[in-house]
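Protein chains in written order, with the working numbering: chain Z, 1 to 338; chain S, 339 to 676; chain F, 677 to 1014; chain X, 1015 to 1352. Report on the following structure.
4 protein chains.
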Amino acid sequence: MKAVGINGYGTIGKRVADAVSCQDDMQIVGVTKRTPDFEARMAVDKGYPLYISAPDREELFEEVDITVTGTIDELYDKIDIMVDCTPEGIGAKNKKIYQEKGIKGIFQGGEKHDQIGKSFNSFANYLDNWGADFVRVVSCNTTGLCRTLKPINDLCGIKNARAVLVRRGADPSQVKKGPINAIIPNPPTVPSHHGPDVQTVMYDLNITTMALLVPTTLMHQHNLMLELEKPASVDDVIDLLEATPRVLLVKAGEGLGSTAEIMECARDLGRPRSDLFEIAVWKESLNIKDGELFYMQAIHQESDVVPENVDCIRSMLEMEEDPDKSIEKTNKNMEILE
Amino acid sequence: MKAVGINGYGTIGKRVADAVSCQDDMQIVGVTKRTPDFEARMAVDKGYPLYISAPDREELFEEVDITVTGTIDELYDKIDIMVDCTPEGIGAKNKKIYQEKGIKGIFQGGEKHDQIGKSFNSFANYLDNWGADFVRVVSCNTTGLCRTLKPINDLCGIKNARAVLVRRGADPSQVKKGPINAIIPNPPTVPSHHGPDVQTVMYDLNITTMALLVPTTLMHQHNLMLELEKPASVDDVIDLLEATPRVLLVKAGEGLGSTAEIMECARDLGRPRSDLFEIAVWKESLNIKDGELFYMQAIHQESDVVPENVDCIRSMLEMEEDPDKSIEKTNKNMEILE
Amino acid sequence: MKAVGINGYGTIGKRVADAVSCQDDMQIVGVTKRTPDFEARMAVDKGYPLYISAPDREELFEEVDITVTGTIDELYDKIDIMVDCTPEGIGAKNKKIYQEKGIKGIFQGGEKHDQIGKSFNSFANYLDNWGADFVRVVSCNTTGLCRTLKPINDLCGIKNARAVLVRRGADPSQVKKGPINAIIPNPPTVPSHHGPDVQTVMYDLNITTMALLVPTTLMHQHNLMLELEKPASVDDVIDLLEATPRVLLVKAGEGLGSTAEIMECARDLGRPRSDLFEIAVWKESLNIKDGELFYMQAIHQESDVVPENVDCIRSMLEMEEDPDKSIEKTNKNMEILE
Amino acid sequence: MKAVGINGYGTIGKRVADAVSCQDDMQIVGVTKRTPDFEARMAVDKGYPLYISAPDREELFEEVDITVTGTIDELYDKIDIMVDCTPEGIGAKNKKIYQEKGIKGIFQGGEKHDQIGKSFNSFANYLDNWGADFVRVVSCNTTGLCRTLKPINDLCGIKNARAVLVRRGADPSQVKKGPINAIIPNPPTVPSHHGPDVQTVMYDLNITTMALLVPTTLMHQHNLMLELEKPASVDDVIDLLEATPRVLLVKAGEGLGSTAEIMECARDLGRPRSDLFEIAVWKESLNIKDGELFYMQAIHQESDVVPENVDCIRSMLEMEEDPDKSIEKTNKNMEILE
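Here you go:
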């Protein structure tokens, strides 16, 4: 039973905590918070030992009667690995502390590949991170891209991938972030950084991406155009994706014609927090024209990387040598659809 | 064990189905759908017998391999009561059919009080609907108003209530409805119909309401100004609301300063569909000035009426004479916070 | 002086009316309305003779004291051409009436090419519509695509064009249309109809498009990926687009990094209704990689087709044989930037 | 001819510059900018002498070829008064500089009344600011409230005013600000600061306000409930408001049922930047019940204070002793509807 700590019990951190908790080979021994808000209160209610990441702020927690187990310094000794879910840019700073303390660390996609050294995707390069000390799980967008690009590349080879990423402006609870009514090229330069980010885990893929932000909170949406090396039919791709774990084919014609309706479906599925860990590919959008495969997919930015974090723990702590077995185990315990 | 049917397995219907299913004195024996969409498929997956409400559309279900148990005509014989959750205006038409078939019917707030005859709120007039044949559970907004107005009126008497209702433009999955970027007085006349609607269950309350629509999908927000008959302190009201079932005091200062963050908290609570059955009152907003009580509250329009539907079944089928006991039973089975 | 009628004084109609009015070789002799709303009132205030398109509704106009000049039947005799700006699908029906009356008609992009017979873009095929009786000005999106594709194709040849169109969900004043919080593949099939629509005016272009709707009202945004036949540099393309009428290069780095800021700039320019008749191309987005040109552009859906309607009148009424001269004249009179 | 400077050529500053420019008794001799963005470029294009407010940033302007006339220090000598339109909180700091330089200063509503000393509204207290050195024009919301409260108070006395302010989340071009999908009590305490702010210009008014933010960019919307001292009829109030300058009665029934449609109407009116300087009151919303007047109004937050700034200049520079004459002159020159 491996001991896992979560540094930053926020959007990603609280989900990874729950995902780890439902596995049988690892457990949460502590989560950290900087601010005594409702999420801190919930962590305690759920039974997670709560540690303060900024020791000088202990008083703030006392004032509102949130019981803490200790400060982060007391947590380091108790864990085999820290999953760092702090805001973008903080993780790279924390890495030095973890190094000093002699613990392994997983970082999220907001950190730069170069600053962490290695990047991870369960399907693309699980074994390349075997036993590693510091690994970054690629971002929600990159994870979403890899989930479909990897099996398609395996099946028929991708000569040239083009993708336009229409990203949600903010997460549902980030009420200070906009835009309220605008489309924002982000970045306004082409290509965007998402292509190179895919290449940190699918090393040889030829891919170019463009990205923008739009006023929605629910999901990212991706538009893919893949020139294939070997001929394939739409049915081949449908069969492939139906057999691919963590990918879901959805039909616009069955009332799932938008990101909002897909999230409604996730609510009906009864997942924790109404999350959708799978990438949803619109079945009607799949088409092949002159050897080029087109499709559209939707990515639940808050949760798609969560099962990858679990797999990443297994690879880094050398718990399961077969990627497929880790994926299957993670999925089964999280009730991810097969 | 009473037999309940759901006519219209949509936003409200699917929630009432689940709420009935977790009670120990009633069960779902059938739900109806008109269209073979993902919700129909989910109903079958969940084990609810599915009946087609428009018999001539059976073929559409067959085409997409959704197994139906029969048509709605076959359902009538099997039930003690039908909870009608069809779109606004359809319920009143269905009432005639239920009358012919000799079954009782519950309708939702989209129907007009005059067309159904009686209206219901668990706290305001549970016993007034004892044994009734046709009853309407008041709308999400009216239910939300009653949840706080009733206990406050009991405690210190409301001389004059004013409320401004800032309503969500559409439910999360209603992607065709706007507005995208506008505030819409709705109605543009004052007072709005919400005040008279409250009076269908709190008969003597002096209340005037104004209402508008804004571009959000998550919750309604209410602004209340209550001239009180008897003096009270803010602490009295806080104590009252903390002791009131299906009302939750939330603190903006703990990261719950918006409807989005309140819904995020509901997700963390692990409710089905991330629903919030309780009315959330902002603790900081409670103030009394010159004998007038002010506060702000948020209403989850998709779910706050769901427990009221369960209580309404008990009252109409004469299952539990004590309103408090029904409320407590419903809450316990639905894991509603006390 | 050619006599022009506008059938449907709405979003497009009122703009074409104003654009025609500032030309020196044509004038508005009447505009039609079906509903006596503020736009009808404004038409009268501006001095446009107002005709009722549904004669049986005359009373409605009288009730609110809007003075009408007559019914649409009285307008037909007075005009050389009717610019039909009625809602999608109505135009095709009106075509038969215009045929009977023996007047020429221009239709908008909501009508189908096959039902009108000919399509128009000032730059792509002005002369192909010379003297024609019925012509359709292609839609805002298609016009936007042609504005940049045509000069680039002329300069260096487009082997293969791919475009992803991120469309505004509704116009600013369409408050009933959503989505409020969703991304909608529209259509959910690939390719979308926009590619073939470009081919109604740029007959031989090899183009594939994907399209979606997002919750914004201001502008469409296009993401273009063009495989070129002849080598070119980014500077070549910048020089080309700077010299292209009705195309504007904007810099994200100068505070124009979103559709909202571009529309703010249009407001500062002092155009009528704060319109932006030009297509805005983000300068930073222009890039060439392995012979493929990438860029992003923004389209003001309410107004980009307006100058094309003016040019189309000149072509159909055989008023100016040189497309460039018509374009220049239209631009000068509308104060479009060169 | 009085010489006016604008410190901060942004949302408010650029509008005041244009409003001053169309008067015949004052002129703009300089505007300042801190950042060389498109607004700076436009200021130069419009012929306003441009001064850099942060002298050390001159190089940034040179780099992008924006010609400046000088630094702000050179502007002070040339002006009779500075209209400070810098971001919230900066104005109070600038006041000290203006004092040292011996020039008068107007500040905007983002500054605190206590830090400036005097507040201004054209209708409420024009003469109280006669010859003053430092005056704050109250905010867009407060100006909007005064525009209707002042004449109604004069007509029939307001015993008790209650108002709920539904505010736009961000201005159209503020793309970084949210919320995208939430309602935010702002402040979450009651009463909000808007009531006391009204009292800085309508000293004795008994008013309580509640305020919130919603995901829209166009206008604020106010819901008013006024207990009257003297009896009045709805027609009396309609007649009053129709005769009140800078107030516009609009009819939801004529297609003006939302803030978006009102702004569409403003576009059709042909105002610069499609601004609406007037407060729009929904005619249908006006109602009197038990001596209480109810109505709803919409406020164009970017522009309603602009004519007040012009009047404020006249009062502070002792240019026109009769408030009505200043208002009339400002209106006529700005083409504000009477």
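All C-beta atoms in this analysis are idealised placements derived from N, C-alpha and C, irrespective of residue type, glycine included.
- Bridge partners of glutamine 897/F according to DSSP: Val842/F, Ala974/F.
- Per DSSP, reduced to three states, the secondary structure at tyrosine 9/Z is coil, with no helix or strand assignment.
- DSSP places glutamate 565/S in the strand class (E or B) of the three-state scheme.
- Sequence-distant Cβ neighbours of threonine 481/S in its own chain, meaning closer than 7 Å and more than five residues away, are Asn459, Asp642, Val643, Glu646.
- For chain S, none of the residues of the region 1133-1156 of chain X brings a beta carbon within less than 8 Å of one of its beta carbons.
- For chain S, none of the residues of the region 917-931 of chain F brings a beta carbon within less than 8 Å of one of its beta carbons.
- For the pair of segments examined, the region 956-966 of chain F was found to touch the region 924-939 of chain F: the number of CB pairs separated by less than 8 Å reaches three.
- For a Cβ distance threshold of 7 Å, nothing in chain S lies close to asparagine 333/Z: the least Cβ distance comes to about 16 Å.
- Identification of residues in the region 592-611 of chain S having a C-beta nearer than 8 Å to some C-beta of chain Z yields Glu592, Gly593, Leu594, Gly595, Ser596, Ala598, Glu599, Met601, Glu602, Cys603, Arg605, Asp606, Leu607, Gly608, Pro610, Arg611, given in sequence order.
- Rounded to whole angstroms, the separation of the alpha carbons of proline 1205/X and methionine 563/S is 11 Å.
- One alpha carbon belongs to glutamate 261/Z, the other to aspartate 509/S, and they sit about 11 Å apart.
- Taking a 10 Å sphere around the C-beta of glycine 348/S, we find 16 or more other C-beta atoms and assign the residue as buried.
- Unbroken alpha helix (DSSP H) runs of no fewer than 4 residues, entirely contained in the region 1109-1157 of chain X, are found at 1127-1130, 1136-1139, following chain order.
- Taking 7 Å as the Cβ-Cβ cut-off, the region 140-166 of chain Z approaches chain F at Arg162, Val164, Val166, given in chain order.
- Boundaries of the alpha helix (DSSP H) harbouring lysine 46/Z: 38-46, taken from the DSSP string.
- Taken in chain order, the complete beta strand (DSSP E) segments of 3 residues or longer contained in the region 607-658 of chain S are 617-620, 625-627, 630-637.
- Boundaries for isoleucine 674/S: no beta strand (DSSP E) harbours it, and the DSSP string shows neither H nor E there.
- Relative to the Cα of alanine 1246/X, the nearest Cα in the group Ile1197/X, Cys1170/X, Asp1142/X belongs to Cys1170/X.
- Against chain X, a Cβ distance below 9 Å from proline 172/Z picks out Ile1194, Asn1195, Ala1196.
- A direct Cα-to-Cα measurement between aspartate 1282/X and lysine 722/F gives close to 10 Å.
- Taking a beta-carbon distance threshold of 7 Å, valine 16/Z does not count as an interface residue toward chain S.
- Residue range 1221-1228 is occupied by the beta strand (DSSP E) that includes leucine 1226/X.
- Around the beta-carbon of aspartate 1091/X, fewer than 16 other beta-carbon atoms lie within 10 Å, marking it exposed.
- Contact fails between the region 193-204 of chain Z and the region 1199-1213 of chain X, because fewer than three Cβ pairs, one in each stretch, are under 8 Å apart.
- For glycine 70/Z, the three-state secondary structure derived from DSSP is strand.
- Between the alpha carbons of glutamate 397/S and isoleucine 404/S lies a distance of about 10 Å.
- The CB of proline 1199/X never comes closer than 9 Å to any CB in chain Z; the least such distance is about 11 Å.
- Under DSSP, glycine 368/S takes part in a beta bridge, and its partners are Gly343/S.
- Taking C-beta atoms as the reference points, valine 1178/X and asparagine 625/S fail to come closer than 7 Å.
- At least one CB atom of chain Z sits nearer than 7 Å to the CB of valine 1189/X.
- At the C-beta level, isoleucine 52/Z and valine 68/Z come within 7 Å of one another.
- Per DSSP, the continuous alpha helix (DSSP H) segment holding leucine 579/S begins and ends at 572-581.
- When rounded, the separation of the alpha-carbon atoms in leucine 881/F and histidine 300/Z is 36 Å.
- Straight-line measurement puts the Cα of glycine 13/Z at about 15 Å from the Cα of valine 138/Z.
- Boundaries around valine 198/Z are those of the alpha helix (DSSP H), 194-198, since no beta strand (DSSP E) includes it.
- Counting only Cβ-Cβ distances below 9 Å, proline 534/S has no contacts in chain X at all, with the closest Cβ about 13 Å away.
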